[in-house]
Amino acid sequence: MSKSATVYTLMAALLKAEDILGKDRKWQDKNPSQEKLVSRFLPFMPEARTIKEIESISGRSAKQINDFLAKHDFSIMLKDFAPNEFGVAAVLDLLVKWLAAGKKVQIKGADKKQYPGVYLKEGVRILNAYGNHNGPIARIRTKSDDEVFMTMIDKVPDGLDLIEFASKLISQFHYNDDHEGLHFPMIDFKNQPDISWLLGLATTDSTGRHAWISQAKQETKLRMNEIGARVQDAVALGVMRGISRPKTPLIINRPFLCIFTRPGLKMPLAVFHLEPDCWKDPGGLD
Numbered sequence: 014m015s016k017s018a019t020v021y022t023l024m025a026a027l028l029k030a031e032d033i034l035g036k037d038r039k040w041q042d043k044n045p046s047q048e049k050l051v052s053r054f055l056p057f058m059p060e061a062r063t064i065k066e067i068e069s070i071s072g073r074s075a076k077q078i079n080d081f082l083a084k085h086d087f088s089i090m091l092k093d094f095a096p097n098e099f100g101v102a103a104v105l106d107l108l109v110k111w112l113a114a115g116k117k118v119q120i121k122g123a124d125k126k127q128y129p130g131v132y133l134k135e136g137v138r139i140l141n142a143y144g145n146h147n148g149p150i151a152r153i154r155t156k157s158d159d160e161v162f163m164t165m166i167d168k169v170p171d172g173l174d175l176i177e178f179a180s181k182l183i184s185q186f187h188y189n190d191d192h193e194g195l196h197f198p199m200i201d202f203k204n205q206p207d208i209s210w211l212l213g214l215a216t217t218d219s220t221g222r223h224a225w226i227s228q229a230k231q232e233t234k235l236r237m238n239e240i241g242a243r244v245q246d247a248v249a250l251g252v253m254r255g256i257s258r259p260k261t262p263l264i265i266n267r268p269f270l271c272i273f274t275r276p277g278l279k280m281p282l283a284v285f286h287l288e289p290d291c292w293k294d295p296g297g298l299d
């Protein structure tokens, strides 16, 4: 079954939570997947601010978040919020166009079936990775600075592991002169990855109140043809905050120690253990 993996949209949603929680929150992991996110991906979270194709929102009502998602043509929804809950969402809408439009072709799959495809020549370079993948890799330039890589492979990991796998795959390569041009299938892909592993990811707000991820939804789409490709990704999170209790004064109502000190002295100036027998108004200090 086809799968997808993104992380910048998620990081943009976590950054948007700072509108309500306060700036520069530190997230604390509760499971191995969260630990991987916090230690290996969140250090790059500021990069999400540089991606102009990402739009984000924070809100006190689920309707506000869900309307934002629907406006961007996503079907995922958050449940109504509890009194101490708020929501955030981020959407990525990335459109890339090939340097020159390709030609529509038919591709015969390994299963002997015919599929609609594209023949693309301009802007295509064939590569080979160093050591970690044996098959040829197509690198496709686009009209923007973005590039698209394609390579045949039957089994890949899931989630954050897939992102790391792909990053390593295209990190080192050399050119392959055995091929010119590229045939690839057209794509119409929709997926709602399970990101329930995010539940419980915790932080504190600027006042010290505990906060944690209470809802987590994602939806990802890819459409690709002879003109280019469009990636659409949405992440919606509910964030619960602990009830803020008013701070009360410390009440000394049992025998207590009272110690007088002065900077520079190695011992207290005076020490008293005071029981109820002397708990009375002195009337003055003169």
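Under the working numbering, residue 299 is the last one in the sequence shown; the count climbs by one each step, no gaps. Ideal placement from N, C-alpha and C gives every residue a C-beta, glycine not left out. Every value quoted in this text rests on a predicted model; they were computed, and no experiment measured them.
query, result
"Kindly indicate which residue of Gly213, Leu175, Asp167 and Leu133 has the alpha-carbon position closest to the one of Glu193.", "Leu133"
"Over the uninterrupted beta strand (DSSP E) stretch that includes Leu105, give me the two end residues.", "Glu98 to Lys110"
"Quick one: any contact between the region 213-220 and the region 174-181, if contact means 3 or more CB pairs under 8 Å?", "no"
"Given 8 Å as the limit, is there contact between the region 234-250 and the region 198-217, that is, 3 or more CB pairs closer than that?", "yes"
"Whose CA, out of Asp159, Glu160, Lys156 and Ile139, lies closest to the CA of Ile150?", "Ile139"
"Can you give the beta carbon distance from Glu98 to Met253, rounded, assuming they're within the 8 Å contact cut?", "5 Å"
"Where does the unbroken beta strand (DSSP E) through Ile153 begin, and where does it stop?", "Pro149 to Arg154"
"Got a sec, what are the start and stop residues for the beta strand (DSSP E) Glu232 sits in?", "His223 to Met237"
"Is it buried or exposed for Tyr21, if we count other Cβ within 10 angstroms and need 16 for buried?", "buried"
"Where does Ser69 fall in DSSP's three states?", "strand"
"Please go through the same chain and pick out, in chain order, the residues whose beta-carbon is closer than 6 Å to the beta-carbon of Lys234, but skip the five residues on each side of it.", "Lys203 and Gln245"
"Shortest alpha-carbon distance to Asn147 belongs to which of Lys156, Met165 and Val131?", "Met165"
"Report yes or no: is there a C-beta of chain B within less than 8 Å of the C-beta of Gln228?", "Protein chains in the displayed structure number just one, and chain B is not present."
"From Phe273 to Leu287, what distance separates their C-alpha atoms?", "13 Å"
"If the criterion is Cβ atoms closer than 8 Å, does the pair Ala247 and Ile120 meet it?", "no"
"According to DSSP, Cys291 sits in a beta bridge with which residue or residues?", "DSSP output for Cys291 lists no bridge partner at all."
"Near Leu250, which residues of its chain fall below 6 Å by C-beta distance, leaving aside the five closest residues on each side in sequence?", "Ala26, Val101, Ile226 and Ala229"
"How many whole angstroms separate the CB atoms of Ala75 and Phe94, which I take to be in contact at a CB cut-off of 8 Å?", "5 Å"
"Using 10 angstroms around the beta-carbon of Met14, count the other beta-carbons present and answer buried if the total reaches 16, otherwise exposed.", "exposed"
"To which residues does DSSP link Asp201 through a beta bridge?", "Arg236"
"Between the beta-carbon of Thr155 and the beta-carbon of Leu112, is there less than 8 Å?", "yes"
"Just to confirm, are His187 and Tyr143 a CB contact at a threshold of 8 Å?", "yes"
"By alpha-carbon positions, which one of Leu282, Leu23, Asp290 and Gln41 ends up nearest to Ser69?", "Leu23"
"May I have the straight-line CA-CA distance separating Ser180 from Pro129, to the nearest angstrom?", "28 Å"
"Following the continuous alpha helix (DSSP H) through Gly130, name the residue where it begins and the one where it ends.", "Where Gly130 is concerned, there is no enclosing alpha helix (DSSP H), although the beta strand (DSSP E) it sits in stretches over Gln127 to Leu133."
"Given this structure, state the Cα-to-Cα distance separating Lys43 from Ser17, to the nearest angstrom.", "24 Å"
"Pull up the distance between the alpha-carbon of Pro262 and that of Lys65, whole angstroms please.", "49 Å"
"Restricting to Cα atoms, I'd like to know which of Leu108, Gln185 and Asp167 is closest to Asp159.", "Leu108"
"Ala143 by DSSP, collapsed to three states: which one?", "The question names Ala, but residue 143 is Tyr in the sequence shown. Coil at Tyr143, not helix or strand."
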